[in-house]
Amino acid sequence: MTIEKGKVYRIKGSSQYFLMKYGSANPEILIEEALDYHTTFSPPTFLFQGRALAEGVPIDGNTYYGHIKGQGEFVHESELEEIL
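Each residue of the sequence shown is one higher than the one before, starting from 18 at the first, in this note's numbering.
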């Protein structure tokens with residue numbers, strides 16, 4: 018699947034982080050851009066790193082920055098699914 022800037026995707030899986038923060042383990046995210054969390058230093062970067070460790074999210078591959086309910090988040094490509 019090709020991830021497109023400006024498109025809304027759903028977080029797949031059963032993330033406790035997203036469940037606690039947004040009330041849903043599978044919230045929708047508006048993708049702003051492909052962004053490497055290794056070279057970007059911001060609060061969403063550090064939250065992604067912690068979530069990757071806690072939930073086993075892959076750390077290799079493409080990561081994307083987007084917004085869930087107005088909050089900035091990093092997600093890994095493997096966490097995204099298209100909304101039909």
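All C-beta atoms, glycine included, are put in the ideal place defined by N, C-alpha and C.
Keep in mind that this is a model prediction, so the values were computed, not measured.
C-beta contact flag for residue i and residue j at 8 Å
i   : j   : result
L52 : T80 : yes
Y26 : E49 : no
Contact set for residue i: own chain, Cβ-Cβ below 7 Å, skip 5 residues either direction
i   : result
T62 : Y54 and F91
Y39 : I85 and K86
Cβ neighbour criterion (16 or more within 10 Å) applied to residue i
i   : result
V74 : buried
F65 : buried
E99 : exposed
Residue i to residue j span [Cα, whole Å]
i   : j   : result
N43 : S31 : 7 Å
I46 : D77 : 20 Å
E94 : I28 : 10 Å
T57 : E72 : 21 Å
As assigned by DSSP and simplified to three states, the class of residue i
i   : result
T62 : helix
Y39 : helix
Y26 : strand
G67 : helix
Y34 : helix
Own chain partners of residue i with C-beta closer than 6 Å, once the 5 adjacent residues on each side are dropped
i   : result
Y34 : R68
Close beta carbons around residue i, own chain, < 8 Å, minus the five adjacent residues each side
i   : result
S59 : G89
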